[in-house]
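Asker: Just so you know, the first sequence maps onto residues 1 to 358 in the UniProt record's numbering.
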Amino acid sequence: MHQTTTFSNALIHWYLRNKRDLPWRKTTNPYHIWLSEIILQQTRVEQGYDYYLRFIMQFPTVFDLANSPEQEVLNLWQGLGYYSRARNLHFSAKYIVEELNGVFPSTYDEILKLKGVGDYTASAIASICFNEPTAVVDGNVYRGLSRYFGISTPINSTKGIKEFKILAQFLINHSNPATHNQAIMEFGARMCKPQNPLCTECPFNESCFALAKNKIKELPVKEKKIKIKKRHFNYLVLFTPKNKTIINQRIGKGIWQNLYEFPLIESKKKIDEIELIEHNTFKELFENKNTIIRLFNTEEKVHKLSHQHLYTQFWIVKIDAEISNTTDWNKLEEFPIPRLIDNFINEIKQTEIFSTFE
DNA sequence: TAGGCGTGGGC
DNA sequence: TGCCCAAGCCT
């Protein structure tokens with residue numbers, strides 16, 4: 001017990017002198033901490049920082065979040081990725097308001113029931129906001145513990161997940177779990193980094209297993225590599241005489257659920273204009289219409305997701321008459337759209353294709 | 001349970 | 001360039 005207290009005290013001592021000044025570290029409001037934790041899942045601080053400030057601004061309380069339409073939440077989340085986080089955030093806000101009278105749950109077990117909240121996030125909120133001594137185990141903690149103690153159990157195996165949780169729980173400082181948890185994560189993020197950790201200035205460098213055995217680069221161990229799927233996307237980008245286009249919402253499972261995009265034709269491989277206009281989706285939209293088609297990008301634009309590479313062609317389709325179910329080009333910003341589409345829109349707005357309609 | 005789910009930065 | 005990684009969770 002003495003040893004573990006020493007470990008935590010050294011950690012906290014380092015943290016108090018080296019921690020970054022971050023907005024979510026100035027509050028213990030569970031709603032705010034919850035927002036920050038969801039935003040920061042699999043996301044760097046620098047990337048999530050502005051999103052956090054905008055969410056606090058636009059949805060100051062859980063009631064504001066619960067009472068907004070999902071589309072507004074997704075719109076604010078746009079560009080951050082892993083959009084199920086935003087959908088679950090909104091779902092859980094409604095649950096808190098409707099089932100819990102707007103009172104944020106105050107124990108690990110109750111917090112864990114929120115959709116989108118797993119072991120890590122429940123531990124973080126319970127410790128930071130309610131002083132419950134439940135240890136957080138995120139990527140930083142896996143790395144720090146596996147290196148310092150020399151644990152080579154794969155961190156993404158069932159066995160490893162259990163093992164590291166038990167160790168982290170053993171090490172936690174019961175008199176100050178909030179600071180301990182934030183300290184061990186900050187330590188992994190800033191000192192025991194994945195590449196080029198700062199071992200020479202590390203407070204644990206005299207007793208670190210990985211440093212002593214020269215195994216910094218081998219730890220932590222992660223098993224399996226994901227297989228990248230290749231897909232070919234063809235977007236039909238309509239321009240009508242009155243500056244309208246068509247966008248659809250993605251429904252069902254898969255990527256970008258509930259976000260919007262141009263009409264999509266997916267193909268097994270790269271296709272040309274002949275194959276495009278023979279496709280049913282194209283016919284349903286434009287058969288018997290006067291169309292002028294032009295491929296916007298001669299090289300397929302490759303958009304890389306964590307599990308898929310999207311080889312994308314944007315087809316400009318101009319017609320000479322208005323049709324139904326269109327959206328004004330100037331109102332696209334009201335819809336949540338994936339980065340790939342957003343990038344394209346910003347690009348085309350700078351071309352003569354767009355300016356001829358202005 | 002293993003696979004699916006975004007985006008951006010670092011080397 | 002290609003690969004790894006980032007305050008994970010859901011099904």
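Using N, Cα and C, we set each Cβ at its ideal position, and we do this for glycine too.
Would you mind giving the Cβ-Cβ distance between residue 286 and residue 319, rounded to the nearest angstrom? I have them listed as a contact below 8 Å.
Answerer: 7 Å
Asker: Report the partner residues of residue 231 according to the DSSP bridge assignment.
Answerer: 310
Asker: Answer yes or no: do residue 337 and residue 247 have a C-beta to C-beta separation smaller than 9 Å?
Answerer: yes
Asker: In chain order, which continuous runs of the alpha helix (DSSP H) of length 4 or greater are located wholly inside the UniProt domain "HhH-GPD" (39 to 190)?
Answerer: 45 to 58, 62 to 66, 70 to 77, 84 to 99, 108 to 111, 119 to 130, 139 to 149, 158 to 171 and 177 to 190
Asker: Please list, in chain order, all residues of the same chain as residue 1 whose beta carbon is under 6 Å from its beta carbon, the five residues on each side excluded.
Answerer: Here residue 1 scores only 46 on pLDDT, less than 50, and its place in the model should not be relied on; the value that follows carries that caveat. Correct list: empty, nothing qualifies.
Asker: Which whole-angstrom value is the C-beta distance of residue 74 and residue 259, which I expect to be below 8 Å?
Answerer: 7 Å
Asker: Compute the Euclidean distance between the alpha carbons of residue 301 and residue 268, then round it to the nearest angstrom.
Answerer: Cα-Cα distance, rounded: 16 Å.
Asker: Flag this pair as yes or no: are the beta carbons of residue 90 and residue 122 separated by less than 9 Å?
Answerer: no
Asker: Is residue 267 helix, strand or coil when you go by DSSP?
Answerer: strand
Asker: Could you say if the stretch 130 to 137 and the stretch 199 to 206 meet the contact criterion of at least three C-beta pairs nearer than 8 Å?
Answerer: no
Asker: If you draw a straight line from the C-alpha of residue 168 to the C-alpha of residue 141, how long is it?
Answerer: Note on geometry: alpha-carbon atoms of residue 168 and residue 141 lie some 8 Å from one another.
Asker: With DSSP run on the structure shown, which of helix, strand or coil describes residue 329?
Answerer: helix
Asker: DSSP three-state call for residue 33: helix, strand or coil?
Answerer: helix
Asker: Inspect the beta-carbon positions of residue 276 and residue 315 and report whether they are closer than 9 Å.
Answerer: yes
Asker: Is it buried or exposed for residue 36, if we count other Cβ within 10 angstroms and need 16 for buried?
Answerer: buried
Asker: On the three-pair Cβ rule with 8 Å, is the stretch 204 to 222 touching the stretch 146 to 155?
Answerer: Yes: the two stretches touch, three or more of their Cβ pairs being nearer than 8 Å.
Asker: Could you round the C-beta distance between residue 125 and residue 14 to whole angstroms and report it? I think they count as a contact, below 8 Å.
Answerer: That belief does not hold up - the Cβ atoms of residue 125 and residue 14 are roughly 24 Å apart, past 8 Å.
Asker: Going by alpha carbons, who is nearest to residue 324 out of 238, 330 and 255?
Answerer: 238
Asker: Quick check on residue 264: buried or exposed, where buried means 16 or more other Cβ atoms within 10 Å of its Cβ?
Answerer: Counting Cβ neighbours within 10 Å, residue 264 comes out exposed, since fewer than 16 surround it.
Asker: Could you check what DSSP says for residue 10 in three-state terms: helix, strand or coil?
Answerer: helix
Asker: By the DSSP assignment, the alpha helix (DSSP H) with residue 22 in it spans what residues?
Answerer: Residue 22 -> no alpha helix (DSSP H), and no H or E assigned at all.
Asker: Does DSSP classify residue 359 as helix, strand or coil?
Answerer: Since the first and last residues shown for the chain are 1 and 358, residue 359 lies out of range.
Asker: Any chance the stretch 35 to 52 sits against the stretch 68 to 87, with 3 or more Cβ pairs inside 8 Å?
Answerer: yes
Asker: Work out the CA separation of residue 182 and residue 5 for me, nearest whole Å.
Answerer: If you draw a straight line from the Cα of residue 5 to the Cα of residue 182, it is about 16 Å long.
Asker: Would a C-beta distance cut-off of 9 Å place residue 313 and residue 233 closer than the cut-off?
Answerer: yes
Asker: Going by beta carbon distance, what residues of the same chain come within less than 7 Å of residue 222, once the five residues before and after it are set aside?
Answerer: 154, 155 and 156, listed in sequence order.
Asker: Quick check: the Cα distance between residue 291 and residue 52, rounded to an integer number of angstroms?
Answerer: 44 Å
Asker: Is residue 239 helix, strand or coil when you go by DSSP?
Answerer: strand
Asker: Is the CB-CB distance between residue 12 and residue 180 below 9 Å?
Answerer: yes
Asker: Identify the continuous alpha helix (DSSP H) that holds residue 283 and give its terminal residues.
Answerer: 280 to 286
Asker: Can you tell me whether residue 1 is helix, strand or coil according to DSSP?
Answerer: Bear in mind that a pLDDT of 46 at residue 1, under 50, signals an unreliable position, so the number given afterwards is only what the model happens to contain. Coil at residue 1, not helix or strand.
Asker: Three-state secondary structure (DSSP) at residue 322?
Answerer: coil
Asker: Using a 10 Å radius around the Cβ and a threshold of 16 neighbouring Cβ atoms, would you call residue 32 buried or exposed?
Answerer: buried
Asker: What is the DSSP secondary structure of residue 351, counted as helix, strand or coil?
Answerer: coil
Asker: Starting from residue 317, follow its DSSP beta bridges and name the residues at the other end.
Answerer: 238 and 293
Asker: Taking residue 209 as part of the alpha helix (DSSP H), name the residues at either end of that continuous run.
Answerer: 209 to 212
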